[in-house]
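Add 664 to the 1-based position in the sequence shown for this note's numbering, that's all there is to it.
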Amino acid sequence: MGRIGDLSIFFEEVMNIARKNSQTQVNEKIRFKEVRLIDENGEMVGIVPTNEAIERAKYVGLDLVLMSANPKNPVAKIIDYGKYAFEQSKREKEARKKQKVIEVKEVGLKLTTEEHDLNVKLKNARRFLAAGNRVKVSIRFRGREMAYTSQGYDVMENFLEKLSDVAEVDRKPKVEGRNMNMYLSPLKEKTSKK
């Protein structure tokens with residue numbers, strides 16, 4: 665994959681930047697008659713006709729970029745648009761890095777799950793919760809087991825009881841078709857006030 669994979673990632677990023685930037689109004693694409701202008705030094709000039717602001721930006725070799733599209737008082741700034749777009753994409757990339765993706769991991773049980781198997785599933789659920797993931801606990805009812813959904817609730821309660829020190833219920837056990845599902849999330853750390 666190597667070089668081809670790198671190129672496809674590069675083109676994908678370029679297309680994403682182009683898509684995002686197409687939403688930003690620059691120079692002649694600004695549809696307002698007048699804008700509140702901020703010059704290249706960051707100083708407020710005041711309300712100026714848009715075509716005059718564009719001429720002023722071109723005179724200093726920069727672009728007029730609409731910063732706030734508020735219909736009452738749109739704000740435009742004279743800046744280097746290429747640099748602005750690059751910094752925007754850089755900030756978005758940093759924000760994406762800082763985001764924590766929470767996955768939903770699933771633990772499947774049966775009405776007839778034996779003690780050892782239950783302990784293995786508890787151990788896996790604890791591991792998932794410790795990693796900060798949500799856990800979906802599900803029981804699949806097969807054949808005539810649908811008549812024993814009350815036993816399914818008991819199995820879920822038992823499972824939850826054994827995880828009560830590390831998990832809290834996001835969604836209580838609920839029968840959906842032939843499945844019973846319950847969602848757990850890690851306990852939120854309690855902050856102590858001093």
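Idealized CB from N, CA, C, for every residue including glycine.
For a test of the three-state rule: what should DSSP assign to K800, helix, strand or coil?
DSSP places K800 in strand when its eight states are reduced to three.
Assuming R842 contacts M810 (C-beta within less than 8 Å), just tell me the rounded distance between them.
Their Cβ separation, rounded to whole angstroms, is 7 Å, which keeps R842 and M810 in contact under 8 Å.
Nearest to Y748 by alpha carbon, out of V712, K764, K722 and L726?
That would be L726, whose Cα lies nearest to the Cα of Y748.
Using a threshold of 9 Å, state whether the C-beta atoms of K800 and K769 are closer than that.
Their beta carbons are under 9 Å apart, which means K800 touches K769 by this criterion.
Can you give me the C-alpha to C-alpha distance between V830 and K757, rounded to a whole angstrom?
Cα-Cα distance, rounded: 33 Å.
Any heavy atom of the ligand FMN within a distance shorter than 8 Å of the CB on Q763?
You won't find the ligand FMN in this model; it holds no ligand whatsoever.
Let's test the definition: count the other Cβ atoms within 10 Å of the Cβ of A717 and tell me whether it reaches 16, buried, or not, exposed.
Buried, by the Cβ-count rule.
Going by the CB atoms, is the gap between S814 and G772 shorter than 9 Å?
Contact: no.
Specify the secondary structure class of G746 as computed by DSSP and reduced to three states.
Reduced to three states, the DSSP call for G746 is helix.
Kindly identify the DSSP beta-bridge partner or partners of D727.
Looking at the DSSP assignment, D727 forms a beta bridge with I743.
In this structure, how does DSSP classify D781 when only helix, strand and coil are distinguished?
Helix at D781.
Given K852, which residues of its chain have a CB within under 8 Å of its CB, disregarding the five upstream and five downstream residues?
Cβ neighbours of K852 beyond the five flanking positions: E832.
Shortest alpha-carbon distance to R798 belongs to which of V765, F805, K774 and N705?
Comparing Cα positions, the closest option is V765.
Return the residue from the list K722, F823 and V784 that minimises the CA-CA distance to N691.
That would be K722, whose Cα lies nearest to the Cα of N691.
Here's the rule: buried if 16 or more other CB atoms are within 10 angstroms of the residue's CB, otherwise exposed. What is M844?
Buried, because 16 or more other Cβ atoms sit within 10 Å of the Cβ of M844.
Using the C-alpha atoms, what's the distance from S849 back to Y745?
Roughly 44 Å between the two C-alpha positions.
If F696 sits next to P738, beta carbons under 8 Å apart, how far is it from one beta carbon to the other, in whole angstroms?
About 5 Å separates the two Cβ atoms, so the contact holds.
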